[in-house]
Ligand SMILES: Cc1ncc(COP(=O)(O)O)c(C=O)c1O
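Residue numbers (the numbering used here), protein chains in the order written: chain S, 1 to 409; chain P, 1001 to 1151.
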């Protein structure tokens, strides 16, 4: 088991070489981790080591390198299982990321949908948790029901009982909103869904980078996330599914690896988890993701969360210094994600002028157009904080915003 | 609904009174990003008013994070193309003013012969028309070239 050390921000920052550079002549302040997080050197080293020493295709079993690559790859699966406390390694399926994960589930579940069946999604979903369900609905005649949010950006919890009925088959919601930062009370929501016989699909893309998730405690049917937001490489993500749910799901793509036996008379599929993993998988990416999770395992998570919340509180305290600054998303329970607008400025103006000062934020609709429509805004500027950010980063952001705001008056 | 009269298009100073040389000269005196972008913001604010009635889908420039609209008229006498552009983002408007200074009130042949990239490079604004920026400057320029190609 890994040893947990105290939260030492200087030592953490020394693990992220990329943060130590100038952009437009100023030290980089990276506040776009919700779009993609930076990777510690340990992740880069693990990928490098894999390619230098162990690289081969997996599950072929004819030589030593192949055995090593397979061991590395499968131990990454065990690592993810442990990280989210899944009951079995069979319940961990590799995908390209959250988007492919939801497509895999929506595609599979659509086989059991009938016309008039209902799928509940919330208004705060990322397009990745909307469009695959719309496509499933289009194919099957099922109907999307939208779960509303309040002004603060929280789900209207009292609506759920009205939304759930005998036609409801699936409830797909995000654990944490990528725009609002809202942490949804997933455990309670899943409980209500389950009581109504509804399959729950949880988008954990923005949750896993900020706090520990226990899928058995949540009791959800499916839980998905991307490695690249969890300080791991791009190109790999995870579907967690309860074993019985995954058994019932048809394969997603056909090809090598996912079969047991192929003949022109008929093909039988491999067992879990391989049934869903057609073709040569993202091996080095799995190795990198494992290194990222191990890295997180060496950090005191409670201290890390306290550090992140401290950054957010500091940011909140400075909002009033920027004339015309308005927050979008003021939920009670939030991860450190701050979406905002400044009167008279377009989000893209803010992004451009912060970039000039070496500060990276995201601007636009954040792949959540229905949410933008709900707030009647063209987009927002979004600063997202990770554990490697500092109070100095928060102060640079606000000093930068004050400067920009003055340029426009 | 009809476009503004040619006269209204011709009232724009960009590419007529305000020349590329003016902008290049002004830029030379601005030594940091704040001054440069304050100037771009001022340029944006000084764009002639764009008719609200023309802010419709057919005049919408796609591929932008901000909303951008573009309309044009051709002077039948000399074949010069006159452009009007608007955006809800001021910096995009300011950069549009730079684009207009380079391309407005020119003939099709003149537009086709203009090396806009190298001018943006000289202004140290090249990043704004690179393919990776979703701000629509590039789409705006492509559209003007397409208009030139048709006329
Ligand atoms: C909440 C949420 N869901 C899904 C996604 C899609 O993730 P990916 O692009 O890694 O597939 C994102 C990424 O922005 C997200 O924030």
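Glycine included, each C-beta is placed from N, C-alpha and C at the ideal position.
A quick note: this is a predicted structure, and the numbers were derived from the prediction, not measured.
- Checking the 8 Å criterion, the Cβ of residue 228 of chain S is within range of a heavy atom belonging to ligand 1.
- Pairwise C-beta distances place the region 1028-1037 of chain P out of contact with the region 312-321 of chain S, as fewer than three of them are shorter than 8 Å.
- In terms of Cβ geometry, residue 390 of chain S and residue 9 of chain S form a close pair [threshold 9 Å].
- Partner residues in the beta bridge of residue 200 of chain S, as assigned by DSSP, are S:171.
- Going by DSSP, residue 1009 of chain P is part of the alpha helix (DSSP H) stretching over 1006-1010.
- Under the three-pair Cβ rule at 8 Å, the region 322-338 of chain S counts as touching the region 139-154 of chain S.
- Boundaries of the beta strand (DSSP E) around residue 1080 of chain P: 1080-1087.
- For residue 326 of chain S, the enclosing beta strand (DSSP E) stretches over residues 325-328.
- Under the DSSP assignment, residue 341 of chain S falls in the beta strand (DSSP E) whose first and last residues are 337-342.
- Cβ neighbours of residue 252 of chain S within its own chain (closer than 7 Å, five residues either side excluded): 104, 107, 108, 276.
- In this structure, residue 281 of chain S lies away from residue 39 of chain S, with their beta-carbon atoms at least 9 Å apart.
- In this structure, the alpha-carbon of residue 1083 of chain P lies about 19 Å from that of residue 1022 of chain P.
- As for any beta strand (DSSP E) of minimum length 3 sitting wholly inside the region 113-172 of chain S, the runs are 118-122, 143-147, ordered along the chain.
- With a threshold of 9 Å between beta carbons, residue 1033 of chain P makes contact with chain S.
- When S:387, S:287, S:345 are compared, the shortest CA-CA separation from residue 209 of chain S is found for S:387.
- A Cβ-Cβ distance of about 7 Å is found for the pair residue 407 of chain S and residue 1037 of chain P, placing them in contact under the 8 Å criterion.
- Assigned with DSSP and collapsed to three states, residue 32 of chain S falls in strand.
- Nearest neighbour of residue 291 of chain S by Cα position, chosen from S:250, S:167, S:231, turns out to be S:231.
- Taking 7 Å as the cut-off between beta carbons, the residues of the region 1045-1065 of chain P near chain S are 1065, in sequence order.
- In summary, the residues of the region 1077-1097 of chain P whose CB is separated from some CB of chain S by less than 9 Å are 1087, 1088, 1089, 1090, 1091, 1092, in the order they occur in the chain.
- For residue 244 of chain S, no CB of chain P lies under 9 Å from its own CB, so it is not counted at the interface with that chain.
- Taking a C-beta cut-off of 8 Å against chain P, none of the residues of the region 122-136 of chain S qualify.
- Between the beta-carbon of residue 1070 of chain P and that of residue 1095 of chain P there is about 13 Å, and that puts the pair past the 8 Å contact cut.
- Under the Cβ distance rule, residue 349 of chain S counts among the residues neighbouring chain P, one pair being separated by less than 9 Å.
- Look at residue 223 of chain S here: in three-state DSSP terms it is strand.
- Between ligand 1 and the CB of residue 34 of chain S, the shortest heavy atom gap is smaller than 8 Å.
- If you ignore the 5 residues before and after residue 1073 of chain P, its C-beta comes within less than 7 Å of the C-beta of 1003, 1006, 1009, 1082, all in its own chain and listed in chain order.
- Apart from the 5 residues on each side of it in sequence, residue 285 of chain S sits with its Cβ closer than 6 Å to the Cβ of 233, 235, 236 in its chain, given in chain order.
- Per DSSP, the unbroken beta strand (DSSP E) holding residue 380 of chain S starts and ends at 380-384.
- S:259 is the residue among S:259, S:279, S:278, S:263 whose C-alpha sits nearest the C-alpha of residue 270 of chain S.
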